[in-house]
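Asker: Have a look at this one.
Numbering (my numbering), first residue to last: 257 to 665.
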């Protein structure tokens with residue numbers, strides 16, 4: 257099991273490559289939660305994530321012979337970029353296997369950092385299996401994304417930065433995929449102060465740690481399904497699990513809708529772009545997935561900023577829907593002049609903005625003298641949506657919400 261000395265040694269190895277990223281107090285999220293929220297902006301790290309830390313530490317501990325043979329790894333994207341840059345900075349040849357579903361932006365970035373990219377497998381685990389075939393065939397050293405003590409120690413340098421910048425913190429909240437990041441951070445912060453609470457966060461669609469803790473050992477799931485692709489791992493690490501069990505105080509999960517909401521709030525209110533995995537810690541704080549006191553000093557570690565633009569578009573729309581900022585309605589009108597105008601007068605009176613209208617007379621589920629109308633509307637929040645629906649119904653229209661905000665707590 258890694259200890260503080262391992263993390264301190266890693267800090268010396270990675271100091272010339274990894275940036276000391278900002279730790280910023282957020283008035284917005286502190287006001288929203290009642291806690292004192294400080295965002296660890298690791299999304300501003302080189303390559304856009306914390307992975308450069310562990311990858312650099314691992315590669316710089318290779319023997320001369322191992323460096324000459326080159327390295328290989330598997331990654332959904334962030335570790336790939338970290339290994340590519342770390343290897344290039346050390347003059348080591350690198351080959352990276354990425355799942356066929358990896359975001360195009362991450363594939364291009366990995367190549368730009370100097371690695372040869374091979375696309376193989378439906379997810380991380382299948383890509384990893386092929387990377388091990390390359391390891392055996394070509395004699396390269398496999399650089400694991402998380403289940404390696406040098407990787408864990410390298411990621412732990414992020415924890416050292418947190419306690420250096422905010423010695424009196426109460427709680428640090430960290431995403432969990434395979435467990436390398438949280439193992440390193442927990443080791444660093446618990447050595448600083450054993451009373452600092454470490455909370456791990458997984459996506460509901462890739463939740464393996466809770467069952468592993470219940471059963472006393474790493475457990476696997478058959479598949480993963482989440483917008484947080486950076487933590488979409490089917491099994492927690494064999495080496496990371498004992499560290500999590502000993503040094504992590506609590507593990508919670510968040511849904512994709514909750515992740516999307518946090519991501520949109522970070523964009524709009526925090527002026528900060530993160531990927532799905534990077535938004536999970538803040539989502540856990542905003543949704544109160546764990547108990548915390550008024551004024552408690554909490555550090556959500558926003559550990560990745562590499563989001564695919566196509567996914568970002570979808571996430572923004574989902575986030576707007578969940579916040580009541582965008583709603584899709586359906587109603588059926590009599591097919592006569594003025595019916596649509598009567599409906600739109602109500603919408604205008606309630607100050608909702610129309611994005612789009614779909615008008616369909618051909619639906620077999622409605623009467624021959626009727627027409628189906630769908631409205632895409634910009635609204636100002638759940639209360640505005642509720643008021644708009646009440647007014648539409650008061651005017652005699654039967655309306656169905658096709659896509660609307662999540663129920664408020």
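Note that beta-carbon positions come from the ideal geometry of N, C-alpha and C, so glycine has one too.
Unbroken beta strand (DSSP E) runs of length 3 or more, entirely within the region 297-364: which are they?
Answerer: The region 297-364 contains these whole beta strand (DSSP E) runs: 327-330, 350-354.
Asker: Rounded to whole angstroms, what's the CA-CA distance from residue 587 to residue 283? Just pull it up for me.
Answerer: On the chain shown, residue 587 is found 331 positions in, with the first residue counted as 1. On the chain shown, residue 283 is found 27 positions in, with the first residue counted as 1. About 42 angstroms.
Asker: Give me, in chain order, the residues of the same chain whose beta-carbon lies closer than 7 angstroms to that of residue 398; leave out the 5 immediate sequence neighbours on both sides.
Answerer: Counting from 1 along the chain shown, the entry for residue 398 is found at position 142. Taken in chain order, the residues that qualify are 328, 329, 387, 388, 391.
Asker: Taking the alpha helix (DSSP H) that residue 515 belongs to, which residues open and close that run?
Answerer: For the purposes of this step, residue 515 is taken as residue 259 along the chain shown, with counting starting at 1. It spans 512-524 - the alpha helix (DSSP H) in which residue 515 sits, taken as one unbroken run.
Asker: Would you say residue 608 and residue 635 are within 7 angstroms of each other, going by their C-beta atoms?
Answerer: The residue given as residue 608 occupies position 352 in the chain shown. The residue given as residue 635 occupies position 379 in the chain shown. The answer is yes: Cβ separation under 7 angstroms.
Asker: Please report the distance separating the alpha-carbon of residue 558 from that of residue 279.
Answerer: Numbered from 1 along the chain shown, position 302 holds the residue referred to as residue 558. Numbered from 1 along the chain shown, position 23 holds the residue referred to as residue 279. Distance between the alpha carbons of residue 558 and residue 279 is about 10 angstroms.
Asker: With residue 486 and residue 313 assumed to form a contact (beta carbons below 8 angstroms), what rounded beta-carbon distance in angstroms separates them?
Answerer: For the purposes of this step, residue 486 is identified with residue 230 of the chain shown, where counting begins at 1. For the purposes of this step, residue 313 is identified with residue 57 of the chain shown, where counting begins at 1. Going by Cβ atoms, the distance from residue 486 to residue 313 rounds to 19 angstroms, so no, they are not a contact pair.
Asker: If you draw a straight line from the alpha carbon of residue 656 to that of residue 522, how long is it in whole angstroms?
Answerer: In the chain shown, counting from the first residue as 1, residue 656 sits at position 400. In the chain shown, counting from the first residue as 1, residue 522 sits at position 266. Those two C-alpha atoms are separated by around 31 angstroms.
Asker: In whole angstroms, what is the alpha-carbon distance linking residue 561 and residue 526?
Answerer: For this step, residue 561 is matched to residue 305 along the chain shown. For this step, residue 526 is matched to residue 270 along the chain shown. If I take the Cα positions, the gap works out to 13 angstroms.
Asker: For residue 509, name the three-state secondary structure that DSSP assigns.
Answerer: Residue 509 sits at position 253 when you count from the first residue of the chain shown. Strand, per DSSP.
Asker: Thinking just about the alpha-carbon of each residue, which of 293, 264, 297, 259 is nearest to the one in residue 275?
Answerer: The sequence position of residue 275 within the chain shown is 19, counting from 1. Minimum Cα distance to residue 275 is reached at 297.
Asker: Can you tell which of 594, 309, 299 has its C-alpha closest to the C-alpha of residue 269?
Answerer: On the chain shown, residue 269 is found 13 positions in, with the first residue counted as 1. The residue with the shortest Cα to Cα distance from residue 269 is 309.
Asker: I'd like to know whether the C-beta atoms of residue 699 and residue 583 end up nearer to each other than 7 angstroms.
Answerer: Examination of residue 699 is not possible in this model, given that the chain is present from 257 through 665 alone.
Asker: So, with DSSP's three-state summary, where would you put residue 387?
Answerer: For the purposes of this step, residue 387 is identified with residue 131 of the chain shown, where counting begins at 1. Residue 387 falls in the helix class under three-state DSSP.
Asker: Pull the bridge partners of residue 281 from the DSSP assignment, please.
Answerer: Taking the first residue of the chain shown as 1, we reach residue 281 at position 25. Looking at the DSSP assignment, residue 281 forms a beta bridge with 294.
Asker: Just confirm the distance between the C-beta atoms of residue 429 and residue 554, as a whole number of angstroms; I'd bet it's less than 8 angstroms.
Answerer: Translated into positions along the chain shown, residue 429 becomes position 173. Translated into positions along the chain shown, residue 554 becomes position 298. Confirmed, about 6 angstroms.
Asker: Tell me whether the beta-carbon of residue 491 lies closer than 7 angstroms to the beta-carbon of residue 476.
Answerer: For the purposes of this step, residue 491 is taken as residue 235 along the chain shown, with counting starting at 1. For the purposes of this step, residue 476 is taken as residue 220 along the chain shown, with counting starting at 1. A contact, by the Cβ cut-off of 7 angstroms.
Asker: Pick out whichever of 339, 277, 292 has its Cα sitting closest to the Cα of residue 407.
Answerer: By 1-based counting over the chain shown, the position of residue 407 is 151. The shortest C-alpha separation from residue 407 is found at 339.
Asker: Out of 382, 355, 385, point me to the one whose CA is closest to residue 373's CA.
Answerer: Counted from its first residue, the chain shown places residue 373 at position 117. It is 355 whose Cα lies nearest to the Cα of residue 373.
Asker: Please determine, among 291, 610, 265, 412, the residue with the shortest C-alpha to C-alpha distance to residue 543.
Answerer: For the purposes of this step, residue 543 is taken as the residue at position 287 of the chain shown. Minimum Cα distance to residue 543 is reached at 291.
Asker: Let's see if you can read the secondary structure: which residues bound the beta strand (DSSP E) around residue 409?
Answerer: In the chain shown, the residue the question calls residue 409 occupies position 153. Per DSSP, residue 409 belongs to no beta strand (DSSP E); it is in the alpha helix (DSSP H), 405-421.
Asker: Report the rounded CA-to-CA distance for residue 627 versus residue 594, giving the unit in angstroms.
Answerer: For the purposes of this step, residue 627 is taken as residue 371 along the chain shown, with counting starting at 1. For the purposes of this step, residue 594 is taken as residue 338 along the chain shown, with counting starting at 1. Roughly 12 angstroms between the two C-alpha positions.
Asker: Measuring alpha carbon to alpha carbon, tell me which residue in 442, 590, 565, 537 is nearest residue 260.
Answerer: Within the chain shown, the letter at position 4 stands for residue 260. Minimum Cα distance to residue 260 is reached at 442.
Asker: Can you name, in chain order, every residue of its own chain whose Cβ lies under 8 angstroms from the Cβ of residue 541, other than the five neighbours on each side?
Answerer: Mapped onto the chain shown, residue 541 falls at position 285. Correct list, in chain order: 285, 289, 291, 293, 429, 548, 554, 556.
Asker: Determine the DSSP secondary structure at residue 432, reduced to helix, strand or coil.
Answerer: Position 176 of the chain shown holds residue 432. Looking at residue 432 - three-state DSSP - the assignment turns out to be coil, as it is neither helix nor strand.
Asker: Check whether the Cβ atoms of residue 564 and residue 359 lie closer than 7 angstroms to each other.
Answerer: If you number the chain shown from 1, residue 564 lands on position 308. If you number the chain shown from 1, residue 359 lands on position 103. Against a cut-off of 7 angstroms, the Cβ pair of residue 359 and residue 564 comes out as a contact.
Asker: Kindly indicate which three-state DSSP category residue 380 falls into: helix, strand or coil?
Answerer: Locating residue 380 in the chain shown gives position 124, counting from the first residue. It is helical.
Asker: Among the residues of its own chain, which have a CB less than 6 angstroms from the CB of residue 323, if the five just before and after it don't count?
Answerer: For the purposes of this step, residue 323 is taken as the residue at position 67 of the chain shown. So the qualifying residues of the chain are 348.
Asker: Got a sec, what are the start and stop residues for the beta strand (DSSP E) residue 632 sits in?
Answerer: Counted from its first residue, the chain shown places residue 632 at position 376. Segment 626-634, the beta strand (DSSP E) holding residue 632.
Asker: Under 6 angstroms Cβ to Cβ from residue 546, same chain only, skipping five residues before and after it: list those, please.
Answerer: Looking up residue 546 in the chain shown gives position 290. Once the five neighbours on either side are set aside, the close Cβ partners of residue 546 are 455, 506, 508.
Asker: So which of 353, 499, 424 has the shortest CA-CA distance to residue 412?
Answerer: Here residue 412 refers to the residue found at position 156 of the chain shown. The shortest Cα separation from residue 412 among 353, 499, 424 belongs to 499.
Asker: Give the straight-line distance between the Cα atoms of residue 513 and residue 305, rounded to the nearest whole angstrom.
Answerer: Here residue 513 corresponds to residue number 257 of the chain shown, with the count starting at 1. Here residue 305 corresponds to residue number 49 of the chain shown, with the count starting at 1. Those two C-alpha atoms are separated by around 22 angstroms.
Asker: Who pairs with residue 616 in a beta bridge, going by DSSP?
Answerer: One-based indexing of the chain shown puts residue 616 at position 360. DSSP lists 628 as partners of residue 616.
Asker: CB residue 647 to CB residue 606, shorter than 7 angstroms?
Answerer: Your numbering for residue 647 matches position 391 in the chain shown. Your numbering for residue 606 matches position 350 in the chain shown. Yes, the Cβ-Cβ distance between residue 647 and residue 606 is below 7 angstroms.
Asker: Let's see if you can read the secondary structure: which residues bound the beta strand (DSSP E) around residue 541?
Answerer: Here residue 541 refers to the residue found at position 285 when the chain shown is read from its first residue. Premise fails: residue 541 lies in the alpha helix (DSSP H), 532-542, not in any beta strand (DSSP E).
Asker: Taking buried to mean at least 16 other C-beta atoms within 10 Å of its own C-beta, is residue 615 buried or exposed?
Answerer: On the chain shown, residue 615 is found 359 positions in, with the first residue counted as 1. Result: exposed.
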